[in-house]
Amino acid sequence: MPGLMIEREVVIEAPVEVVWRTITEPDQLSQWFADRVELVVEPGAHGFMEFGDQGGPVVVEIVDPPTCFSFRWNYPAGEEPVAGNSMLVEFTLTPEGDERTRLRVVESGHELLGWPDAEKQRYAGEHQGGWGTYLDRLTTLLAKRQSG
Amino acid sequence: MTAQADDELWSAIADPSRRRVLDLLVSHGEVSASWLAGRVPFSRQAVSKHLVVLERAGLISRRKQGREVLYQVEAGRLDQATRAMAELAAQWDRRLGAIKRLAETAHAENERRNRHEP
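Residue numbers (the numbering used here), protein chains in the order written: chain V, 1 to 148; chain D, 1001 to 1118.
Dropping the structure here:
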C-alpha cells in the first residue's frame, strides 16, 4: 500500500462475529459512523453516508465475513471511485481466542487525490508506507533545529 | 471531506523526491536551489519544479539575498500538516472506540440471554 496511510487498531472483548455485525449492519453503522447510512454490504454496492449537513457516496469493495470489509469514499459525485479520486477504508478483524477480536482500520489515498495518472503510478511504484511517521520526524527535527 | 488546500499539501509531501528536498531544507535552514541540486540525485530543473510545488502548498517560502534566492521551511504549515494527520487518526480512534462499545454491549447482551435460555 503506497503513501499516506492512517492505521489504527483496537482490541474488543467480543467474538469476531459480533464485531463483524457491528461494522457491517446498516443500523449499527449509523451508530458509530455516519448520522444516516444507506448501504448494503455487498461487493460493488453503492450507498450513501450523511454527516450532519454533509454527505457523500460510498461504494463497497471487499466483503469477506468475518475478517475483511473495505469501501471507498470521498470521491466526486457522479464519478466511479478508483485509486486516485477516492479514499480506501479497509477493516481487518483478527480473532484472538473465542471472546476477543483485534480490529484494524487502514485509510489510504489522501495524497493521490488530484494527481495526474502518470505521477500516481510512478509514486505507487517508488514509495512504500511510512508517511505519518515521516511528518512526525520532520516536525521534531525542525523543532530541534529552531530551539538549538 | 478533504479540502482542496489539504489535497495540495498531501500531494506535495507525498512525493519522495520532494521529501528529500524538504528534508534538506529542514536540516540546513535557508539554502539556495543550486545548493540543493548538489545534494540530490536529480537535476537542477527537477529541484526547481519541486520547489515550486512545495511553495504552492505553503510548505516553504523564498527570499532574495543579493543575486541568490534562498528557500526555507514554513514551520507553521508543516505543523498544520502534522496536526491534520493526527486529527484524521483521532477520528478513527473515536470510531473504533464506538465500535468497541457497541460490540461489547451486544456480546454481553447475547451472553445474558443465553444464560436465561439454556
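Built from N, CA and C at the ideal position, the CB exists for glycine as well.
Exercise. In chain D, which residues lie with their C-beta within 8 angstroms of the C-beta of V/R102?
Worked result: Contact note: V/R102 does not reach chain D at a C-beta cutoff of 8 angstroms; the least C-beta distance is about 11 angstroms.
Exercise. Are the Cβ atoms of V/A14 and V/T101 separated by less than 8 angstroms?
Worked result: Yes.
Exercise. Under 8 angstroms Cβ-Cβ, which residues of chain D neighbour V/A14?
Worked result: The answer, in chain order, is A1103, E1104, A1106, H1107.
Problem set entry | CB contact below 8 angstroms: D/L1036 versus chain V | No, D/L1036 does not count as interfacial toward chain V.
Problem set entry | Inter-residue CB distance, V/W73 and V/G56 (contact presumed, cutoff 8 angstroms) | Between V/G56 and V/W73 the Cβ distance is about 6 angstroms, and since that is below 8 angstroms, they are a contact.
For this session: For the beta strand (DSSP E) holding V/E107, just list the boundary residues, first then last.
Result: V/E107 -> beta strand (DSSP E) spans 101-108.
Problem set entry | chain V contact for D/A1076 (CB, 8 angstroms cutoff) | The displayed chain sequence assigns Gly, not Ala, to residue 1076 of chain D. Cβ-Cβ to chain V under 8 angstroms: no for D/G1076.
For this session: Name, going along the chain, the residues of the region 68-80 of chain V whose beta-carbon falls closer than 7 angstroms to a beta-carbon of chain D.
Result: Here the close residues are N74.
For this session: Pull out every residue of the region 1051-1082 of chain D whose Cβ sits closer than 9 angstroms to any Cβ of chain V, in chain order.
Result: Residues of the region 1051-1082 of chain D with a Cβ closer than 9 angstroms to any Cβ of chain V, in chain order: V1073, A1075, L1078, D1079, A1081, T1082.
For this session: Give me the Cα-Cα distance between D/A1090 and V/T67, rounded to the nearest whole angstrom.
Result: Taking the straight line from one Cα to the other gives about 23 angstroms.
Exercise. How many Å lie between D/H1116 and V/G47 at the Cα?
Worked result: Between D/H1116 and V/G47, the C-alpha separation is close to 39 angstroms.
For this session: Look at the alpha carbon of V/Y123 and the alpha carbon of D/A1046, and state the distance between them as a whole number of angstroms.
Result: A caution first: V/Y123 carries a pLDDT of 45, below 50, which makes its placement in the model unreliable, though a value can still be read off. When only Cα atoms are considered, V/Y123 and D/A1046 end up about 15 angstroms apart.
Exercise. On the three-state DSSP scale, how would you describe D/G1097?
Worked result: Residue state, collapsed to three classes: helix.
For this session: Please look up how many angstroms separate the CB atoms of V/V106 and V/E7, rounded, as I've assumed it's under 8 angstroms.
Result: For a cut-off of 8 angstroms, the C-beta gap from V/V106 to V/E7 is around 5 angstroms, short enough to register as a contact.
Exercise. In three-state DSSP terms, what is D/R1062?
Worked result: Collapsing the DSSP output to three states places D/R1062 in a strand.
Exercise. Just checking, does the region 1063-1078 of chain D make contact with the region 1096-1112 of chain D on the three C-beta pairs under 8 angstroms criterion?
Worked result: Contact fails: fewer than three Cβ-Cβ distances are below 8 angstroms.
Exercise. What first and last residue would you give for the alpha helix (DSSP H) that runs through V/P209?
Worked result: In the structure as shown, chain V begins at 1 and stops at 148. Residue 209 of chain V is therefore absent and cannot be evaluated.
Exercise. According to DSSP, which residues form a beta bridge with D/Q1072?
Worked result: Bridge partners of D/Q1072: D/S1061.
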